[in-house]
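Protein chains: 4
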Amino acid sequence: MPKNQTPVYYSDYLRLDKLLGAQQPHSSRYGDEAHDEMLFIIVHQVYELWFKQVLHELRSIYREFNQPKLDDKALYLVAHRLRRILTIQDLMNDQVGVIETMTPQEFLEFRDILVPASGFQSVQFKEMEIILGLTRGKRIAFDQQSFFNRLNAEDRAYLEELEQQPSLFDRVDDWLARMPFLQFEDFSFWEVYQQAVQKSLDQDEKIIRENATDDEQLQAELQGLQANRDNFAALFDNERYIELQKDDRVRLSQRAMLSALFITQYREEPAFNLAWQVITSLAEMDEKLTIWRYKHSMMVQRMLGTKIGTGGSSGHDYLRRTTEQNRVFKDFFAMSTYLLPKSTLPDLPASVRQALGFYFRD
Amino acid sequence: MPKNQTPVYYSDYLRLDKLLGAQQPHSSRYGDEAHDEMLFIIVHQVYELWFKQVLHELRSIYREFNQPKLDDKALYLVAHRLRRILTIQDLMNDQVGVIETMTPQEFLEFRDILVPASGFQSVQFKEMEIILGLTRGKRIAFDQQSFFNRLNAEDRAYLEELEQQPSLFDRVDDWLARMPFLQFEDFSFWEVYQQAVQKSLDQDEKIIRENATDDEQLQAELQGLQANRDNFAALFDNERYIELQKDDRVRLSQRAMLSALFITQYREEPAFNLAWQVITSLAEMDEKLTIWRYKHSMMVQRMLGTKIGTGGSSGHDYLRRTTEQNRVFKDFFAMSTYLLPKSTLPDLPASVRQALGFYFRD
Amino acid sequence: MPKNQTPVYYSDYLRLDKLLGAQQPHSSRYGDEAHDEMLFIIVHQVYELWFKQVLHELRSIYREFNQPKLDDKALYLVAHRLRRILTIQDLMNDQVGVIETMTPQEFLEFRDILVPASGFQSVQFKEMEIILGLTRGKRIAFDQQSFFNRLNAEDRAYLEELEQQPSLFDRVDDWLARMPFLQFEDFSFWEVYQQAVQKSLDQDEKIIRENATDDEQLQAELQGLQANRDNFAALFDNERYIELQKDDRVRLSQRAMLSALFITQYREEPAFNLAWQVITSLAEMDEKLTIWRYKHSMMVQRMLGTKIGTGGSSGHDYLRRTTEQNRVFKDFFAMSTYLLPKSTLPDLPASVRQALGFYFRD
Amino acid sequence: MPKNQTPVYYSDYLRLDKLLGAQQPHSSRYGDEAHDEMLFIIVHQVYELWFKQVLHELRSIYREFNQPKLDDKALYLVAHRLRRILTIQDLMNDQVGVIETMTPQEFLEFRDILVPASGFQSVQFKEMEIILGLTRGKRIAFDQQSFFNRLNAEDRAYLEELEQQPSLFDRVDDWLARMPFLQFEDFSFWEVYQQAVQKSLDQDEKIIRENATDDEQLQAELQGLQANRDNFAALFDNERYIELQKDDRVRLSQRAMLSALFITQYREEPAFNLAWQVITSLAEMDEKLTIWRYKHSMMVQRMLGTKIGTGGSSGHDYLRRTTEQNRVFKDFFAMSTYLLPKSTLPDLPASVRQALGFYFRD
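Set out below in C-alpha cells:
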C-alpha cells in the first residue's frame with residue numbers, strides 16, 4: 031500500500047459510469063426498443079474490450095521483438111503473454127455462442143436501422159491484423175477494398191500509417207534468420223538436415239520398390255515420392271525457394287524457415303525450448319483466429335441467410351474465404367511439411383549440445 | 031431501413047470513445063504502469079457488461095412473472111431468455127481462466143494500490159442476487175455485513191430499496207402455487223402421488239425383507255427406508271412441511287413444490303413442457319452461479335494464498351461457503367429427493383390429458 | 031431394486047476388461063513403443079464411443095419420425111434427445127484440442143506404420159452421415175469414391191444397404207409437408223405470407239427512391255432489391271422452386287419449406303414451439319458437424335503440412351471442402367433468407383390461434 | 031513405412047469389436063431397455079478411457095522423477111505431458127454437462143438395478159489419486175473406509191500395494207529439496223529472502239502507523255500484520271515449520287518449499303523456467319481435479335436430491351468435502367501466501383545469474 035493513497039472504490043476504479051453508460055440502442059429512436067439490441071451492443075463491446083487487451087499484449091510482444099536482441103528473459107515474457115492471448119481467443123471463439131442465442135427474427139427487428147455499420151469497421155480488429163502482418167496485398171480482394179470504402183478518413187489514415195511499420199511477422203522472421211546456431215563451429219544444420227532428408231527419401235523408395243505388388247501401384251507411389259523430393263529440394267535451393275514465396279506457398283525467408291525447423295526438431299534442447307513455445311503459440315494464434323473467422327461466417331449465414339449483399343458477395347462467403355487466405359503464421363502451422371521423424375535425425379555434436387544447454391551442469 | 035435514417039458508423043454506435051477510454055490503471059500514478067493491471071481492469075469490465083446483459087434479461091423475465099397471469103407466449107419468451115442467461119453464464123465461468131493467466135506475482139505488483147476496493151462492491155452482482163431472491167437473512171453471516179461495511183451510501187440505499195420488492199423466486203412460487211391442475215375435476219394430484227409413493231415404499235420394503243441375508247443388514251436397510259418414509263411424509267403434511275422450511279431444508283411453498291413435482295413428472299404433456307423448461311433453467315442458473323462462486327474461490331486462493339484477511343476470514347473460505355448456502359432455486363435442483371420412477375406413476379385420466387394437450391388434434 | 035438381483039460391480043458392469051484391453055499400439059511391433067500412440071488410439075476410441083451414443087439417439091429419433099404421425103409427446107422426446115446430441119457435439123469439437131497436444135514430430139514417430147488406415151474408414155461416422163441424409167450424390171467427389179476404395183467388402187455392403195433407406199432428412203421433410211396448418215379453414219399462410227413479402231419489398235423500394243442522393247446509387251440499390259424480389263418469387267412459384275432444388279440451392283420440398291417458415295415466424299404459438307426447437311436443433315447439429323470438419327481440417331494441416339496425399343488431394347483441402355458441401359439441414363440454417371421482421375407480419379386469425387393453442391385456457 | 035508391414039484397417043487397429051461390444055445395459059434383463067442407460071454406460075466408459083490416458087502420462091512422468099537426476103530434456107517432456115493432462119482434464123470437466131442431459135427421472139428408470147455399483151469402485155481413479163500422493167491418512171474419513179467396504183479383494187490388494195510406493199508428490203518434493211541453488215557459492219536464498227520479507231513487513235508497519243486515523247483501526251491493522259509476521263516466521267524456523275506440517279497447513283518439506291519459492295520468484299531465469307512450468311501445472315492439475323469433484327457433487331445432488339445414503343452421508347455432501355481436503359499439490363496452488371512483489375526482491379548476484387543462464391551467450 032503506497033503512502034498517502036486515496037481509498038479506491040470499485041465502481042470508480044472500473045469507470046462504470048462510462049462503461050455502463052455506453053449502451054444506447056437505436057431502435058428506441060424509431061419506436062419501441064427491440065429487446066435484443068442490447069445483446070447485440072454488449073456482445074460487440076465485449077469483443078472490443080478483448081481486442082484492446084490483445085493489442086495491449088501484442089504491442090508489448092512487438093516491442094521485445096523490435097529490440098536488436100531478444101534476451102532470454104524477454105523470451106519468457108513473450109511466451110507467457112502469447113499464451114494469455116490464446117486463452118482470450120478461446121473465450122472469444124466461444125462467445126459466438128452468445129450471439130447465436132438471438133434468433134434471426136429477433137435480429138431482423140433492428141437490423142435495418144444499423145445500415146451501413148459493419149464489423150468491417152472495427153479499427154482495433156484491423157489493427158491486430160496489421161500488427162500481426164496481414165499486409166494489404168495478402169488480403170482477399172474484397173477485404174483490400176474495405177479499407178477505402180467503409181472507414182472514415184481518420185480511421186483509414188491511422189491504419190494506413192500502421193501498415194507502413196514492420197509487422198510482428200517481419201520481426202519474428204528477422205529474429206529467426208539471425209539465430210546463431212544454424213552454422214556453429216564445424217556443424218552445419220543445412221547439410222545435416224539435407225542428408226537426413228536424402229536418406230529418409232531413399233529408404234522410402236527402397237521399401238516402395240520391395241513392397242510393390244503391381245506396376246501401376248509402384249508408379250503411383252514413386253510419383254508421390256518424387257513430389258516429396260521436389261518439395262524438399264525447394265527448401266534448400268535459394269532460387270526455387272523464392273519461387274515458392276512468389277506463389278504464396280511460403281512466406282518466411284529461407285533462413286528463418288531453416289531456423290524454425292531446427293528449433294522444432296530439437297526443441298528439447300534448453301536454449302530452444304522457449305523459442306519453440308513462441309513459434310507454436312504464433313501458429314495457434316493463427317489457428318484460433320481462423321476458427322473465429324469460420325464461426326463468424328456461420329453465424330452470418332444463420333442471421334442473414336444466402337442473400338447477396340450490396341458488395342456483390344454474401345458476408346458468409348466472404349468470411350469463409352478469409353479463413354484460408356488471411357493467415358499470417360501459416361508456415362509455422364504447416365511446418366510438418368518439412369519435418370522428419372526424430373529417429374531419422376542425427377544426434378547433435380557434443381559442442382552444439384553444450385552451447386544449447388545451461389551453464390550450470392549438476 | 032427507416033426513412034430519413036442517418037448512416038450509422040460502427041464506433042459511434044458502440045460508443046467506443048467511452049468504452050475504450052474507461053481503462054485507467056492506477057499503478058502508473060505511483061511509478062511504472064504494471065503491465066497486467068490492464069488485464070485486471072478489462073476482465074472486471076467484461077464481467078460488468080455481462081452482468082448488465084443478464085440483468086436486462088432478468089428484469090424482462092421478472093416483468094412477465096409480475097403479471098397477474100403468465101400467458102403461453104410469455105412463457106416461451108421466459109424460457110428463451112433463461113437459456114440465453116445460461117449461455118452467458120458458461121462464458122463467464124470460463125472467463126476465470128483468463129484472469130488465471132496472471133500469476134500471483136504479477137498481481138502483487140499492483141494489488142496494494144487497489145485497497146480497499148473489492149468485488150463485493152459490485153452493485154450489479156448484488157442486484158442480480160437480490161432480484162433472483164437471495165434475501166439478507168439467507169446469506170452467510172459475513173455477506174450480510176458486507177452491505178454495510180463496503181458500499182457507499184448511494185449504492186447501499188439503492189440495493190436496500192430493491193430488497194423490499196418481491197423477488198423472482200417469490201413470483202415463481204406464486205405462479206406455481208396458483209397452477210390450476212393439482213386438483214382438476216375429480217383428479218387430485220396430491221392423492222394420486224401419495225398413493226404412488228406409498229406403493230413404491232411398500233414394494234421396497236417387501237424386497238428388502240425377502241433379500242436380507244442377515245438381521246444386521248436388514249435393520250440397516252429398514253432404517254434407511256424409514257428415513258425415506260419420513261421425508262415423503264413431510265411433503266404431504268402441512269405442519270411438518272413448515273418445519274422443513276424453518277430448518278432451511280426447503281424454500282418453496284408446499285403448493286408450489288407439489289406443482290413443480292407434477293410438472294416434472296409429467297413434463298411431456300404439452301401444457302407442462304415450457305413450464306418444465308423454465309424450472310430446469312432456473313435450477314441450472316443456480317448451479318452455474320454456484321460453479322462461478324467455486325471457481326472464484328479457487329482463483330482467490332491462488333492469488334492470495336491462505337493469508338487471513340482483515341475481516342477475519344480468508345476470501346477463499348468465504349467464497350467457498352457461499353457456494354452451498356447462497357443458492358436460491360436449490361429446491362428445483364434437488365427435486366429428485368421426491369421423484370418417483372415414471373413406471374411407478376399412474377397414467378393421467380383422459381380428461382386431464384386432454385386439458386393439458388393442444389386444442390387441435392389431428 | 032428388482033427382486034433377486036445380483037449385486038453389480040462397477041468394473042463388470044462397464045466391461046472394463048474389454049474396454050481397457052482394446053488399446054494395442056502397433057509401434058511396439060517394430061521397436062520401442064511410441065509414447066504418443068496411446069493418445070492417438072484413445073482419442074479415436076472416445077470418438078467412436080460418442081458416435082455410438084449419437085447413433086443411439088439418432089435411431090430413436092428416426093423411429094419417431096418414421097411413424098405415420100409424430101405425436102406431441104414424441105416431439106418432446108425428439109427435442110430432448112436432439113439437445114443431448116448437441117451437447118455431445120460440443121464436447122467432440124473441443125476434443126480436437128486433446129489430439130493437438132501431440133506435436134507433428136510425435137505423430138511422425140508412428141504415422142507410417144498405420145498406412146493405409148484412415149478416419150474415412152469409420153463406419154459409424156458414415157452411418158451418422160447417411161442416417162441424417164448425406165446421400166452419395168450430395169457428397170464432394172473425393173468422398174463419393176472413398177466408399178469404394180477404402181472400406182472392406184462387409185462395411186461397404188452395410189453402408190450401401192443403409193443408403194437405400196429413407197433418411198432422417200426425408201422423414202423430417204415429410205412431417206413438415208403434411209403439417210395441417212398451412213391451409214386452415216379460410217386462412218392460407220401462402221397467401222398471407224406472399225402479401226406480407228410484397229408489402230415489405232414495396233416499402234423498401236419507396237424508401238430507396240426517397241433517400242437516393244444520386245442515380246448511380248439508386249440503380250445499385252434497386253438492383254439489389256430486384257435480386258431479393260426474384261429470390262422470394264421462386265419460393266412461391268413451383269417451377270422456379272424446382273429450379274432452385276436442381277441447382278442445389280435448396281433441398282427441402284416447397285411445402286416443407288413453407289411449413290418451416292410458418293413455424294419459425296410464429297414459434298411462440300404453443301403448438302409450434304417444440305417443432306421450432308426441433309428445426310433449430312437440426313440446424314445446429316449441422317453447424318456443429320461443420321465446425322468439427324473444419325477443426326479437423328486444421329488439425330490435419332498441422333500434423334501433415336501441405337504434402338499432397340496419394341489421392342491427389344491433401345487431407346486438409348478435402349476436409350475443408352466438405353465443411354461447406356456435406357451439409358444436410360442447411361435450409362433450416364439459412365432460413366433467414368426468407369424471413370420477414372415480426373412487425374411486418376399480420377396477426378393470425380383467432381380461429382388459427384385457438385387451434386394452435388392449448389385445450390385448457392385459464 | 032516399415033518393410034513387410036501388413037496393411038492396417040481402421041476398425042481392427044482400434045479394436046472396435048471389443049470397444050463397441052462393451053455396452054450391455056442391465057435394464058433389458060428386467061424388462062424394456064431404459065433408453066438412457068446407454069448414455070450412462072458410455073459416459074463412464076469414456077471417463078475410464080481418459081483415466082487410462084492420464085495414467086499413461088502420469089506413469090511416464092513418475093518414471094522421470096524416479097531417476098536419481100531429472101535432466102533438462104526430461105523436464106521438457108514432463109512439462110509437455112503435464113500440459114496434455116490439463117487439456118484432458120478440461121474435457122473431463124466439461125463432460126459433466128453430457129450426463130446432465132439425462133434428467134433425474136430418466137436416471138430413476140434404471141438406477142435401482144445398478145446397486146451397489148458405484149463410481150467409488152473405479153480402480154483407475156483411485157490409482158491416479160494414489161500416484162499423485164493422496165495417502166490414506168490425508169483422505170476424508172468416509173473415503174478411507176471406502177477402500178475396504180466397496181472394492182473386491184483383488185482390486186483392494188492392487189491399490190494397497192500401490193500405496194506402499196513413494197508417490198509423485200514425494201518425488202517432486204525430493205527433486206525440489208535437492209536443488210543446488212538455494213545455497214550457491216556465497217549466495218544464500220534463505221538469508222536474502224528473510225531480509226526482503228523483514229524489510230517489506232517493516233515498511234508495511236511504517237505506512238500503517240503513518241496513515242492510521244484512530245487507535246482502534248491502528249490496533250486492528252497491526253494485529254493483521256503480526257499474523258503475517260508469524261506466518262513468515264514459521265517458514266524459516268524448522269521447528270515451527272514442522273508444526274505447520276503436523277496441522278496439515280503445509281505438506282511440502284521446508285527445503286522443497288523454499289526451492290519452490292525461489293523458482294517462482296525468479297522464474298524468468300532460464301534454468302528455472304521449465305521447473306516453474308512444472309510446479310504450476312501440478313497446481314493446476316490439482317485445481318482441475320477439485321473442480322471435477324465439485325461438479326460431480328452438484329451432479330449427484332441433481333440426480334439423487336438430498337436423500338441420505340446407506341453410508342450415513344449423502345453423496346453430494348461427501349463429494350463436496352473432498353474438494354477441499356483431497357488435494358495433493360495445494361502448497362503450490364496457495365504459494366502466494368509467501369510471495370513478495372518482484373519489486374521488493376533483490377537482483378541475483380551475477381555469478382548466480384550466470385549459473386542459471388545458458389552456456390552460450392550471444
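Residue numbers (the numbering used here), protein chains in the order written: chain A, 31 to 392; chain B, 31 to 392; chain C, 31 to 392; chain D, 31 to 392. Beta carbons are placed, not taken as given, at the ideal position from N, Cα and C, and that holds for glycine. Everything numeric in this text was worked out from a predicted model, so none of it was measured.
Any chain A beta carbon closer than 8 Å to residue i
{"i": "Arg45 of chain B", "result": "yes"}
{"i": "Thr340 of chain C", "result": "Bear in mind that a pLDDT of 42 at Thr340 of chain C, under 50, signals an unreliable position, so the model cannot answer this."}
{"i": "Pro300 of chain D", "result": "yes"}
{"i": "Phe150 of chain C", "result": "no"}
{"i": "Met68 of chain C", "result": "no"}
{"i": "Pro37 of chain C", "result": "no"}
Residues that DSSP places opposite residue i in a beta bridge
{"i": "Phe388 of chain C", "result": "B:Phe388"}
{"i": "Phe214 of chain B", "result": "B:Phe217"}
Contacts that residue i makes with chain B (C-beta to C-beta distance below 9 Å)
{"i": "Thr117 of chain A", "result": "Gly127, Val128, Glu130 and Thr131"}
{"i": "Pro134 of chain D", "result": "Thr294, Met365, Ser366 and Leu369"}
{"i": "Ser90 of chain A", "result": "His65"}
Neighbouring residues, chain C, relative to residue i (Cβ below 7 Å)
{"i": "Tyr389 of chain B", "result": "Gln384, Ala385, Gly387, Phe388 and Tyr389"}
Residue-level contact to chain D via CB, residue i, 8 Å cutoff
{"i": "Gly345 of chain C", "result": "no"}
{"i": "Lys325 of chain B", "result": "yes"}
Residue-level contact to chain C via CB, residue i, 8 Å cutoff
{"i": "Asn303 of chain B", "result": "yes"}
{"i": "Lys48 of chain D", "result": "yes"}
{"i": "Ala64 of chain D", "result": "no"}
{"i": "Tyr40 of chain D", "result": "yes"}
Whole-number beta carbon distance between residue j and residue i, since they are thought to touch under 8 Å
{"i": "Ala207 of chain B", "j": "Ser311 of chain B", "result": "Wrong, their Cβ atoms sit about 19 Å apart, outside the cutoff."}
{"i": "Phe199 of chain A", "j": "Val358 of chain A", "result": "5 Å"}
{"i": "Asn261 of chain C", "j": "Thr367 of chain C", "result": "7 Å"}
{"i": "Thr117 of chain A", "j": "Val128 of chain B", "result": "5 Å"}
Under 8 Å by beta carbon: chain C residues contacting residue i
{"i": "Gln331 of chain A", "result": "Phe363 and Ala364"}
{"i": "Asp203 of chain B", "result": "In chain order: nothing, as chain C lies at least about 18 Å away."}
Beta-carbon neighbours of residue i, restricted to chain A and to distances below 9 Å
{"i": "Leu312 of chain C", "result": "In chain order: nothing, as chain A lies at least about 13 Å away."}
CB contact check: residue i to chain B, cutoff 8 Å
{"i": "Thr352 of chain D", "result": "no"}
{"i": "Ile170 of chain D", "result": "no"}
Chain A residues whose Cβ lies nearer than 7 Å to that of residue i
{"i": "Tyr106 of chain D", "result": "Glu298 and Asn303"}
Contact list for residue i against chain B, beta-carbon separation under 7 Å
{"i": "Ile160 of chain D", "result": "Per Cβ cutoff of 7 Å: no residues; Ile160 of chain D is ~23 Å from chain B at best."}
Contacts of residue i in chain C (Cβ-Cβ under 9 Å)
{"i": "Lys103 of chain B", "result": "Glu298, Glu299 and Pro300"}
Residue i: contacting residues in chain D (beta-carbon distance under 7 Å)
{"i": "Arg114 of chain C", "result": "Thr131"}
{"i": "Glu78 of chain C", "result": "Leu44, Leu46, Leu49 and Leu50"}
* Kindly confirm or deny that the segment 314 to 324 of chain D and the segment 314 to 334 of chain B touch, where touching means at least three C-beta pairs closer than 8 Å. => Two segments are said to touch when three or more pairs of C-beta atoms, one from each, lie closer than 8 Å; by this definition the segment 314 to 324 of chain D touches the segment 314 to 334 of chain B.
* **Touch test, the segment 37 to 47 of chain C against the segment 36 to 44 of chain D, Cβ-Cβ under 8 Å, three pairs minimum** => no
* Asked: Between the segment 144 to 161 of chain C and the segment 116 to 125 of chain C, do at least 3 Cβ pairs fall closer than 8 Å?
  -> Between the segment 144 to 161 of chain C and the segment 116 to 125 of chain C, the count of Cβ pairs shorter than 8 Å is below three; the stretches do not touch.
* Asked: Per the contact definition of three or more C-beta pairs closer than 8 Å, is the segment 271 to 283 of chain D in contact with the segment 105 to 117 of chain B?
  -> no
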